[in-house]
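Notes follow the structure.
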Ligand SMILES: Cc1cc2nc3c(=O)[nH]c(=O)nc-3n(C[C@H](O)[C@H](O)[C@H](O)COP(=O)(O)O)c2cc1C
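Residue numbers (this note's numbering): 154 to 513.
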């Protein structure tokens with residue numbers, strides 16, 4: 154069996170196309186539409202409460218009987234540093250002042266890492282989604298074993314060969330090779346490690362040659378020609394995020410959709426200013442200010458995100474979206490406004506992947 158058909162068989166899907174999990178943007182409607190169209194829909198639950206995660210999974214199950222993927226964040230907890238946080242808040246003061254909003258007295262670690270969230274781990278074991286994927290690292294080995302014993306297929310993001318080797322050693326079923334073009338957070342296990350910033354093409358080629366796991370290509374893939382190129386390199390499937398953000402089924406608000414659909418090439422930036430971890434998004438006033446000469450060190454993820462979210466919340470109440478985290482990859486200029494099922498069939502057609510007649 155080729156790695157391509159092996160992966161499709163493992164995931165229980167018809168086409169080698171995955172809608173990326175996107176915390177805050179993916180929805181049950183989006184994931185179900187992609188799964189019903191024969192791809193793999195995903196829910197990004199890295200920032201969700203246990204109750205919200207349960208609701209989203211149950212809702213998705215009502216909309217599809219096909220497999221879908223649940224994604225969680227396995228980051229190391231933030232190292233709290235009162236001086237760094239105070240200096241960062243002081244740097245952001247003019248932006249808060251501009252919104253007539255007091256600067257927060259202190260920041261919070263707004264999400265608990267999945268690795269320290271027993272209730273979320275138990276929820277996944279109880280609901281047993283067909284697929285679970287990990288970003289920012291790996292969960293503890295005993296949990297991976299329990300998931301596998303429950304029949305769940307696992308995926309994890311790698312931005313380097315070293316991370317892919319760790320994923321393989323952990324017994325994960327397939328690796329998501331996330332290139333530097335990707336929208337959203339880089340899945341680096343350690344955000345302070347040296348980053349070789351490999352392109353999707355370079356990383357996919359490397360992992361196809363050096364790893365035994367099926368490789369899923371992610372980053373800058375926007376159309377059928379991109380998909381063809383990745384499959385020709387030996388990728389077993391592709392994972393697209395930015396291409397799905399503008400779909401009507403996503404949770405992106407109107408301001409995000411408009412910026413996305415009117416973005417030019419070169420309008421994205423890899424920055425840690427918004428959240429505390431490197432992530433690619435559409436350039437805005439927050440990033441400009443956060444990266445200005447002499448700006449202080451950004452607090453750890455997700456403590457820095459608390460500041461950005463509070464500022465954006467205050468600004469958004471006045472219809473200002475200059476400080477939002479509008480994650481997008483370098484292919485953003487080629488984003489299209491299509492319903493998810495229509496986008497999947499357009500992508501497959503462009504890639505020359507034969508689509509079975511009738512409803513999948
Ligand atoms: C809006 C947005 C949110 C994202 N959130 C997540 C997430 O919650 N978990 C995750 O593993 N990857 C997340 N990613 C990264 C994707 O998994 C994937 O690597 C990326 O979208 C691929 O690049 P592309 O956006 O150019 O298609 C996100 C990407 C975007 C655009």
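Virtual Cβ for every residue (Gly too), placed ideally from N, Cα, C.
Being a predicted model, the structure only gives us computed values, none of them experimental.
Check, Outcome
"Please look up how many angstroms separate the CB atoms of residue 163 and residue 306, rounded, as I've assumed it's under 8 Å.", "5 Å"
"So residue 380 is in the alpha helix (DSSP H); what residue range does that whole segment cover?", "377-386"
"Buried or exposed for residue 427, please, with buried defined as at least 16 other CB atoms from any protein chain shown within 10 angstroms of its CB.", "buried"
"How many angstroms separate the CA atom of residue 193 from the CA atom of residue 456?", "32 Å"
"Quick one: is the Cβ of residue 174 within less than 7 Å of any heavy atom of ligand 1?", "yes"
"Give a yes or no on whether the C-beta atoms belonging to residue 482 and residue 336 are separated by under 8 Å.", "yes"
"Whole angstroms is fine: what's the gap from residue 429's alpha carbon to residue 509's?", "44 Å"
"Sort 448, 173, 446, 412 by Cα distance to residue 434 and report the nearest one.", "412"
"Taking 7 Å as the cut-off, is the C-beta of residue 278 nearer than that to any heavy atom in ligand 1?", "no"
"With DSSP as the reference, label residue 225 as helix, strand or coil.", "strand"
"Name the DSSP beta bridge partners of residue 171, please?", "193, 392"
"Cα-Cα, which of 447, 222, 254, 365 is closest to residue 392?", "222"
"Between residue 339 and the rest of its own chain, which residues show a CB-CB distance below 6 Å, the 5 nearest in sequence each way excluded?", "312, 431"
"Given 8 Å as the limit, is there contact between the region 241-259 and the region 285-301, that is, 3 or more CB pairs closer than that?", "no"
"With a Cβ-Cβ cutoff of 8 Å, do residue 328 and residue 369 count as a contact?", "yes"
"Pick from 367, 206, 237: whose alpha carbon is nearest that of residue 159?", "367"
"Can you give me the start and stop residues for the alpha helix (DSSP H) that residue 354 sits inside?", "353-363"
"Distance, Cα to Cα, residue 479 vs residue 507?", "34 Å"
"What are the boundary residues of the alpha helix (DSSP H) that includes residue 330?", "Note, residue 330: premise wrong, no alpha helix (DSSP H); beta strand (DSSP E) at 327-331."
"Go ahead and pull the three-state DSSP assignment for residue 433.", "strand"
"Starting from the C-beta of residue 408, find all residues in its chain whose C-beta is less than 6 Å away, skip the five residues before and the five after it, and write them out in chain order.", "474"
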